[in-house]
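Numbering (the numbering used here), first residue to last: 254 to 669.
In this text, a Cβ means the ideal position worked out from N, Cα and C, and glycines have one as well.
Before any comments, here is the structure.
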Amino acid sequence: MSLIGKDEKEKIIEKFARHVSSGKVEFFKNASTEFVVGKREGAYLFDIDGTKLIDCHSNGGVFNLGHRNKEVIEAVKEAMVELDIGNQHPISEHRALAAEKLAEISPGSINRVVFGVSGGEAIDTAIKIARAHTKRAGIISAEGGYHGHTGFALPAGDPKYSEPFKPLAPGYSKVPFGDTEALAKAVDENTAAVLFETIPATLGIVIPPDDYFKEVRRITTERGALMIIDEVQTGLGRCGDYWGINTYNVVPDIIVSGKGLSGGIYPITAVLYKDELNEFLHQNPFIHISTFGGAEIGCYAAIKVVEILRREGFLEHIREIASIFKNGFKELSSAHKDVVVEVRQVGMMMGIKMINEMCAPLISFFGFKHGIFTVFANNDTSVSQILPPLIINSNEASLILEALDGCLLDLEKALA
Ligand SMILES: Cc1ncc(COP(=O)(O)O)c(C=O)c1O
């Protein structure tokens with residue numbers, strides 16, 4: 254029995270509008286893109302009507318290993334034979350195993366893990382750890398960054414997502430991303446932590462100056478603040494290394510992981526923190542609770558994800574595909590120099606910056622015609638995010654580049 258396509262597309266849309274989100278349906282109708290995800294496999298998504306698209310969004314990295322990765326499915330199936338969600342009060346063999354694997358791929362003394370269900374929850378937890386450890390309140394983040402929509406994560410992001418929900422948790426301030434001087438002015442004796450994505454995705458895949466994170470490390474260490482790095486999108490291979498921050502040779506105090514840790518199959522997120530920060534949670538082991546966080550079945554998805562990430566040739570594959578894109582982007586930039594401002598890329602964390610804020614939504618629209626699913630950066634809609642699954646082959650990379658060429662041609666015509 255198939256679960257996909259029991260209803261006709263129109264009926265699904267109607268039902269979704271009635272019971273889930275009338276606003277989304279109105280938005281997509283206005284944009285003439287009523288995409289209903291049907292079958293999904295590897296790098297591909299199919300509309301319920303059968304239209305085949307290469308997924309160039311990967312849900313921000315959830316599908317780093319492709320859709321319905323067979324190995325992750327097998328791991329979760331096996332876990333389901335003996336395990337369930339578990340209970341997060343007692344000692345758990347399976348959470349211990351998953352945490353050990355994550356510690357093995359983490360830099361410096363980052364050795365300890367608090368599991369969660371969502372990325373926002375994990376950011377909340379990282380901020381709790383920072384505030385409790387430093388006994389300070391201040392959280393400094395990037396203007397236009399994004400860390401999730403939960404309580405402590407929300408004020409660290411763009412105000413357009415938080416204004417209607419005031420009053421927000423106090424103690425937050427923002428600096429322009431990549432600006433060392435502004436950061437040096439902002440961090441003081443009240444700063445608990447500086448919180449940045451390695452490459453802010455929602456801000457438009459912004460690549461910081463080469464020495465930026467070294468300076469962030471220096472300033473935070475000097476002033477007794479912690480450095481929290483949000484690797485929800487940039488982690489687990491996306492940038493060509495285990496963590497995006499590794500590519501800058503800097504060890505933060507806390508790394509937050511999400512999305513891809515699920516293998517696209519079972520939600521699980523993790524806050525990874527240094528041994529030196531353990532005192533508070535050691536003294537207060539029951540102060541932070543997440544019923545489903547680190548569900549034991551999910552631990553097996555995470556263990557499999559880490560195993561695949563460490564497999565010989567996996568990171569090399571990402572770097573090879575990244576270099577195909579690098580060359581292709583050069584050609585696209587010169588062929589479409591009237592609309593492309595720059596290409597931003599670290600590994601397979603990629604974005605195309607164009608001349609105005611209509612461009613990336615139009616690229617998403619044209620993508621349906623050219624066979625790719627792309628999403629624009631919400632806090633800078635002149636940037637198309639290009640985040641295909643890490644497991645695509647060279648042929649699929651070429652197909653994406655061809656499709657982008659077609660989209661950019663259409664964009665030029667539309668703007669003419
Ligand atoms: C960089 C970053 N941090 C945190 C989050 C929040 O994750 P979640 O939606 O799982 O709460 C996201 C989600 O898109 C993200 O992109």
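Looking at the secondary structure, which residues open and close the beta strand (DSSP E) in which Gln-536 lies? The residue you call residue 536 lines up with position 283 of the sequence shown. That residue, Gln-536, is in no beta strand (DSSP E); its alpha helix (DSSP H) goes 532-536.
What do you reckon, is the C-beta of Val-485 under 6 Å from a heavy atom of ligand 1? Against the sequence shown, residue 485 aligns to sequence position 232. True, at least one ligand heavy atom lies under 6 Å from that Cβ.
Give a yes or no on whether the C-beta atoms belonging to Ser-587 and Ile-616 are separated by under 7 Å. Counting from 1 along the sequence shown, the entry for residue 587 is found at position 334. Counting from 1 along the sequence shown, the entry for residue 616 is found at position 363. No, the Cβ-Cβ distance between Ser-587 and Ile-616 is not below 7 Å.
If I'm right that Met-480 touches Asp-463 with Cβ under 8 Å, what's the distance once you round it to whole angstroms? Taking the first residue of the sequence shown as position 1, residue 480 is located at position 227. Taking the first residue of the sequence shown as position 1, residue 463 is located at position 210. Contact between Met-480 and Asp-463 is absent: CB atoms are separated by about 17 Å, not below the 8 Å threshold.
Judging by CA-CA distance, which residue of Asn-632, Arg-471, Gly-397, Asn-317 is the nearest neighbour of Gly-234? The chain is shown from 254 up to 669; residue 234 falls before or after that span and cannot be answered.
Extent of the continuous beta strand (DSSP E) run through Met-603: Against the sequence shown, residue 603 aligns to sequence position 350. Per DSSP, Met-603 is one residue of the beta strand (DSSP E) stretching across 602-607.
Quick one: does the C-beta of Gly-600 sit closer than 6 Å to a heavy atom of ligand 1? As a first step, residue 600 must be located in the sequence shown, where it is residue number 347. Gly-600: no, Cβ never under 6 Å from ligand 1.
Around the Cβ of Asn-499, are there at least 16 other Cβ atoms within 10 angstroms (buried) or fewer (exposed)? Residue mapping note: residue 499 aligns to position 246 of the sequence shown, counting from 1. Under this definition Asn-499 is a buried residue.
Taking buried to mean at least 16 other C-beta atoms within 10 Å of its own C-beta, is Gln-536 buried or exposed? Sequence index remark: in the sequence shown, residue 536 carries index 283 (1-based). With fewer than 16 other Cβ atoms within 10 Å, it is exposed.
Does the distance from the CB of Ala-490 to the CB of Leu-562 come in under 7 Å? If you number the sequence shown from 1, residue 490 lands on position 237. If you number the sequence shown from 1, residue 562 lands on position 309. The amino acid at residue 490 is misidentified as Ala; the sequence shows Gly. Yes. Within cutoff.
Closest Cα partner of Glu-484 within the set Ser-359, Tyr-425, Lys-438: Walking along the sequence shown from the start, residue 484 turns up at place 231. For Glu-484, the nearest C-alpha among the options comes from Ser-359.
Is the beta carbon of Ala-445 closer than 7 Å to that of Thr-387? In the sequence shown, residue 387 corresponds to position 134, counting from 1. In the sequence shown, residue 445 corresponds to position 192, counting from 1. Yes, Cβ-Cβ distance for Thr-387 and Ala-445 is below 7 Å.
State the start and end residues of the unbroken alpha helix (DSSP H) segment that holds Lys-259. Residue numbering aside, residue 259 sits at position 6 when the sequence shown is read from its first letter. It is not in any alpha helix (DSSP H) - Lys-259 carries neither H nor E in the DSSP assignment.
Bridge partners of Tyr-414, per DSSP? Counted from its first residue, the sequence shown places residue 414 at position 161. Paired residues: none, contrary to the question.
What beta strand (DSSP E) runs, 3 residues minimum, are completely inside the stretch 450-515? Contiguous beta strand (DSSP E) elements confined to the stretch 450-515 occur at 479-483, 507-510, taking only those with 3 or more residues.
Please classify Asn-364: does DSSP put it in a helix, a strand, or coil? In the sequence shown, residue 364 corresponds to position 111, counting from 1. If DSSP states are grouped into helix, strand and coil, Asn-364 belongs with the strands.
Return yes when the C-beta of Ser-635 is under 6 Å from any heavy atom of ligand 1, and no when it is not. In the sequence shown, residue 635 corresponds to position 382, counting from 1. No, the beta carbon of Ser-635 sits no closer than 6 Å to any heavy atom of ligand 1.
Can you grab the Cα-Cα spacing for the pair Gly-276 / Thr-522, in whole Å? Along the sequence shown, read from residue 1 onward, the residue named residue 276 stands at position 23. Along the sequence shown, read from residue 1 onward, the residue named residue 522 stands at position 269. Near 29 Å, if we compare the C-alpha coordinates of Thr-522 and Gly-276.
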